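Novice:
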Amino acid sequence: MRQFFSAARYIYLMFARYLERKIFAPPQEQSFSFKINSHSYTAGEQFVCFLSVPPNFPISQVKNVSIDFFRFDILRNQFAFGFGATPKIAGRTLELEQSFPADMIPGFYGVQRATISVIPLDDGGSDQNIAVEFSPVTIQVRTSAQVPDTPQLIDKEIAAIGLRRAALARKPHFVTPVTKPEEGSRFLVQVFAVGCLIYARQQLEGYSILPLGLGLSHRNMWEIVNGFLESEGREPIAFVDQTEQSFMASTPIFVITYEEVVAADIDAASDYCIKHSQHIFSILGLDRGQKPRAFAYVIGQYDTPNLWHWFAFPGYQGNLLSDFNPVETSNRIERLLPRLEANPFSRLIVSTYGDATGEQEYGFALLRFWAVMELIAEHTVAIGAAVTNPDGSPILNAKGNPETTSSKHGRVYEYILSTGLYSSTGYYTEAGVQKTVFVGDLTSQSASSATEAISLWDMVRAVYAIRNSIAHEGQFDPAKAQTGDKYQQLAARLTTRPQGPDPLQFIKSQARLAIGREV
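All residue numbers for the sequence shown refer to my numbering, where the first residue is 852 and numbers rise by one.
1) If you count every other CB in all the chains shown that lies within 10 Å of the CB of Pro938, and 16 or more means buried, which is it?
2) Among Leu1019, Ala1018, Arg1016, Val988, whose alpha-carbon lies nearest the alpha-carbon of Ile1005?
3) Here's the rule I'm using: 16 or more other beta-carbon atoms within 10 Å means buried, otherwise exposed. How should Lys1250 be labelled?
4) Could you compute how far the alpha carbon of Lys1259 sits from the alpha carbon of Glu1179?
5) Would DSSP call Ile1184 helix, strand or coil?
6) For the region 1268–1287 and the region 1333–1343, state whether three or more C-beta atom pairs, one from each stretch, are separated by less than 8 Å.
7) Answer with yes or no whether the minimum CB distance from Leu1247 to chain D is below 8 Å.
8) On the criterion of 16 or more Cβ atoms from any shown chain inside 10 Å, does Lys1221 qualify as buried, or is it exposed?
9) Report the option in Val1314, Gln1003, Phe1327, Ala1145 whose CA atom is closest to the CA atom of Ser1360.
10) How big is the Cα-Cα spacing for Val1370 and Ser1197?
11) Can you tell me whether Asn907 is buried or exposed, with buried defined as 16 or more other CB within 10 angstroms of its CB?
12) Are the Cβ atoms of Ala828 and Ala1322 separated by less than 8 Å?
13) Between the region 925–938 and the region 1063–1074, can you find at least three pairs of beta-carbon atoms closer than 8 Å?
14) Counting Cβ pairs, one atom from each stretch, are 3 or more of them under 8 Å apart for the region 1291–1306 and the region 1236–1243?
15) Here's a check: name, in chain order, each residue in its chain whose Cβ is nearer than 6 Å to the Cβ of Val899, leaving out the five neighbours to either side.
16) Can you tell which of Val992, Phe959, Ser995, Val913 has the C-alpha that lies nearest to the C-alpha of Ala982?
17) DSSP state of Arg922, grouped into three classes?
18) In angstroms with no decimal places, state the Cα-to-Cα distance between Val1072 and Ala965.
19) Got a sec? Which residues, its chain only, sit under 6 Å from Gly1277 by beta carbon, not counting five neighbours each side?
20) When you compare the region 1006–1022 with the region 1037–1056, are there three or more beta-carbon pairs, one atom per stretch, that lie closer than 8 Å?
21) Is the CB-CB distance between Val1232 and Thr1203 below 8 Å?
22) Near Leu1187, which residues of its chain fall below 7 Å by C-beta distance, leaving aside the five closest residues on each side in sequence?
23) Apart from the five residues just before and just after Ala1119, which ones in its own chain have a Cβ nearer than 6 Å to its Cβ?
24) Distance check for Ile990 and Phe885, CA to CA, integer angstroms please.
25) Taking the Cβ atom as the reference point for each residue, do Thr1030 and Gly1136 lie within a distance shorter than 8 Å?
26) In the structure shown, what three-state DSSP assignment does Lys1022 receive?
27) What's the gap between the Cα of Arg1368 and the Cα of Leu1307?
28) Need the endpoints of the beta strand (DSSP E) that Gly958 sits in, please.
29) DSSP state of Ala1304, grouped into three classes?
30) I need the boundaries of the alpha helix (DSSP H) containing Phe951, first residue and last residue.
31) Among Ser1257, Ser1320, Leu926, which has the Cα closest to the Cα of Ile1012?
32) By Cβ distance, which residues of its chain are closer than 7 Å to Ile970, with the 5 residues on each side in sequence left out?
33) If you draw a straight line from the alpha carbon of Arg1139 to that of Arg1183, how long is it in whole angstroms?
34) Helix, strand or coil: which one does DSSP assign to Tyr1153?
35) In chain order, which continuous runs of the alpha helix (DSSP H) of length 4 or greater are located wholly inside the region 1025–1093?
36) Tell me where the beta strand (DSSP E) around Lys1331 begins and ends.
Right under this line is the structure:
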């Protein structure tokens, strides 16, 4: 079952291909080529790079060239440093000068793509950004005390990194009570999931996440509909390719592969990977939309013909996760997964947040996001303290008594206030005139220049008013709220206004920030 080592072999082959492209690719086969004036630098040192373009490229129209360097890290390439500049043009070559950051970490770096901004020939057009690739160029960044490596030694070091990555990729997962390979059976486990758009392979220690194209087909549903129509003697509907493409785009799928799970039996191996993958789904669900869900599992046992599989399609409500940094997904999982596995409270708030992001009904989603804030505030805010405005002035209730952190809304307010990250400005149009709404410290300059200013306390109380209506009545009725206290009236105004600050988005953003701080 050699195919079980696909991830490790993939990493090794990618590095072999990388070095092959770097060392052996014939120059005439490259449309673009890249050179740099040295192979070893110190942090902060100036460098000159040269990007040669093919004869048919409109070099005279080039406005800017952007280049990104990546660092060869333990498990994956990490974005390290990027810059853009107007190049000097010499023949068919674009020349750029730049200095490496003074705090650049010693190690090995590479570059293999650039973005060229070209001015359009017609006056009315916009600049065109052209992404180009070329044979990889690798360099060393060293300390001032280090002796520069030779180019050959740099290539050997990078090849060694590839071998170490392959070894980490197939690092086994030992499932309690198993602690040694000989104590259990070895399994390859693959978890297929829907609901998260990942653009590039994510390699982590002992497992990987691989996108599998756009997504699922709606053909089966189309056949069900047509079968029903035909049973009633009606004309079937046509299969529309555009609908198929839209459906596939809205159901992105990926697979998590655990290269080697050592467990007592198939049940222990599957239980471990199901739990582990659920933690990953919770992390992926932190960003936006619904957290992804598994719809199929495939498990093979090494050195045997045993193969198990089952499907558990969960449906999908829409979560697209895209990263500016293609390895940020791996970084996030690597950072958060140990905390979720070690801390039940972290699992609780992350899972609650993930459930909230998948909730389609406005009030129910707000209730769940509030629950995240309430849980965190209960763990971090002392009970019984007086709450104040950002300027330190006391907040009094309707009876003139000080508000305190003894109440749920008081604790949530105090937690948000303590972070300092709560001010925002929104806009809405009334009678054709754009107006501004500020939320935050009413003594700030932004508040004085806004059409309407809402204090942080009032915003929290408006959210809490909606939360209470949902918890007690199952819905928030703006018409009924307009006859309530000032916080209910504010909630009604904010939820019925088509633009401007929104209670749901406010509490969602605060919950996301809180998880970022606490997990």
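We put the beta carbon where it would ideally sit given N, CA and C, even for glycine. Please read these numbers as outputs of a predicted model, since none were measured by experiment.
Specialist: Quick look at the numbers:
1) So Pro938 ends up on the buried side.
2) Per the C-alpha coordinates, the member of Leu1019, Ala1018, Arg1016, Val988 positioned closest to Ile1005 is Val988.
3) Label assigned to Lys1250: exposed.
4) Lys1259 and Glu1179: Cα-Cα distance of roughly 35 Å.
5) Residue state, collapsed to three classes: helix.
6) Touching, no, given that fewer than three Cβ pairs across the two stretches are closer than 8 Å.
7) Any reference to chain D falls outside this structure, which holds one protein chain only.
8) In the sequence on display, residue 1221 carries Trp and not Lys. Its Cβ being crowded by 16 or more others within 10 Å, Trp1221 is buried.
9) For Ser1360, the nearest C-alpha among the options comes from Val1314.
10) Going by the C-alpha atoms only, they are around 6 Å apart.
11) Of the other Cβ atoms in all chains shown, fewer than 16 fall within 10 Å of the Cβ of Asn907; this residue is therefore exposed.
12) Nothing can be reported for residue 828, as the shown portion of the chain is limited to 852 through 1370.
13) No: fewer than three Cβ pairs fall under 8 Å.
14) Counting C-beta pairs with one atom in each stretch, the region 1291–1306 and the region 1236–1243 have three or more that are closer than 8 Å, which means they touch.
15) Taken in chain order, the residues that qualify are Asn888, Glu948.
16) Considering only alpha carbons, the answer is Val913.
17) Three-state DSSP puts Arg922 in a strand.
18) Strictly speaking, residue 1072 in this sequence is Met, with Val absent from that position. Taking the straight line from one Cα to the other gives about 43 Å.
19) Non-local beta-carbon contacts of Gly1277 in its own chain, meaning distances under 6 Å to residues more than five positions away in sequence, involve Val1288, Gly1351, Pro1352 in chain order.
20) In this structure the region 1006–1022 lies against the region 1037–1056, because at least three pairs of beta carbons, one per stretch, are closer than 8 Å.
21) Their beta carbons are not under 8 Å apart, which means Val1232 does not touch Thr1203 by this criterion.
22) Non-local beta-carbon contacts of Leu1187 in its own chain, meaning distances under 7 Å to residues more than five positions away in sequence, involve Ile1134, Val1370 in chain order.
23) Val1026, listed in sequence order.
24) Looking at the two C-alpha atoms, the distance is approximately 13 Å.
25) The Cβ atoms of Thr1030 and Gly1136 lie no closer than 8 Å to each other.
26) Annotated three-state conformation of Lys1022 is coil, per DSSP.
27) C-alpha separation (whole angstroms): 20 Å.
28) Secondary structure note for Gly958: its beta strand (DSSP E) is the uninterrupted segment 958–969.
29) Three-state DSSP puts Ala1304 in a strand.
30) Per DSSP, Phe951 lies in no alpha helix (DSSP H) segment and is marked neither H nor E.
31) Out of Ser1257, Ser1320, Leu926, Leu926 has the C-alpha closest to the C-alpha of Ile1012.
32) For Ile970, where only same-chain residues beyond five positions count, the Cβ hits under 7 Å are Gln912, Lys914, Asp978.
33) Summary for Arg1139: the model assigns pLDDT 48, below 50, so the residue's position carries little reliability, and this model does not support an answer.
34) The DSSP-derived three-state label of Tyr1153 is coil.
35) The alpha helix (DSSP H) runs lying completely inside the region 1025–1093 and spanning 4 residues or more are 1070–1082, given in chain order.
36) From DSSP, Lys1331 is part of no beta strand (DSSP E) but of the alpha helix (DSSP H) over 1329–1332.
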